[in-house]
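Q: What follows is a single structure, and I will ask about it in a moment.
Protein chains: 2
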Amino acid sequence: AGDATAGAAKSAVCSACHGQGGAQPIMPTYPRLAGQSEGYIEYAIKTYKSQERKGAQAALMYPMVQNLTDQDIADLAAYFSTQQ
Amino acid sequence: AGDATAGAAKSAVCSACHGQGGAQPIMPTYPRLAGQSEGYIEYAIKTYKSQERKGAQAALMYPMVQNLTDQDIADLAAYFSTQQ
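Protein sequence lines, in the order shown, are assigned to chains R and S. Numbers in my numbering are just positions in the first sequence, counted from 1, shifted up by 1. Numbers in my numbering are just positions in the second sequence, counted from 1, shifted up by 1.
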């Protein structure tokens, strides 16, 4: 399972575009991550990483996630899903 | 601009999978829509409709959104973004 505290420590890159705690995306077309479902965040990152998910924003996300381990992904999902 | 009240009236199909007010998705891999950014919801629906966004869940979403007008999309985005 994911560890939200570990996720917070790994979230700097994500927060650059999604805002602190994923609550203030810097672009209207970027999603809020704060409070999103843990399972969806994990699913989204994994389908970006596997490139199963395609499109303009998927292409943007791929380099951000390509080196994340499954544990990193679980920790990030635990962290953002518990933000307000 | 979108009208949240009109959006509520058009949201039955969405709520079937994303839950009432988009707050309780029926599957862990389906996103919460409640409180998601209005711009992102609109962007996501439009890229599902245009099929620019591809992947397993995009294929699921396409038939759900293919007949939505821009006004429908704006209303749905206004509605779900204002849910808790």
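Here a beta-carbon is modelled for each residue, glycine too, at the ideal position from N, C-alpha and C.
Consider the Cβ of T48(S): report whether some Cβ of chain R lies at a distance smaller than 8 Å.
A: Yes - at least one Cβ of chain R is within 8 Å of the one on T48(S).
Q: Are the C-beta of S38(R) and some C-beta of chain S separated by less than 8 Å?
A: Interface residue, yes.
Q: With a Cβ-Cβ cutoff of 8 Å, do I42(S) and L69(S) count as a contact?
A: Result no, Cβ atoms of I42(S) and L69(S) do not sit closer than 8 Å.
Q: DSSP state of K11(R), grouped into three classes?
A: Here K11(R) sits in coil by DSSP.
Q: Kindly indicate if chain R contains any beta-carbon less than 8 Å away from that of G56(S).
A: Chain R contact via Cβ: present.
Q: Indicate whether at least one CB of chain R lies closer than 8 Å to the CB of Y80(S).
A: Output row for Y80(S): interface = no.
Q: Using 10 angstroms around the beta-carbon of L34(R), count the other beta-carbons present and answer buried if the total reaches 16, otherwise exposed.
A: By the 10 Å Cβ count, L34(R) comes out buried.
Q: Could you tell me whether the region 10-30 of chain R touches the region 63-80 of chain R, where touching means 3 or more Cβ pairs closer than 8 Å?
A: Yes: the two stretches touch, three or more of their Cβ pairs being nearer than 8 Å.
Q: Verify whether the separation of the beta carbon atoms of E53(S) and A57(R) is less than 8 Å.
A: Contact flag set, yes.
Q: Since T30(S) meets chain R, which of its residues come closer than 7 Å, beta carbon to beta carbon?
A: Near T30(S) (Cβ distances below 7 Å), the residues of chain R are G40, Y41, Y44.
Q: How is the alpha helix (DSSP H) around Y49(R) delimited, first residue to last?
A: Start and end: 39-50.
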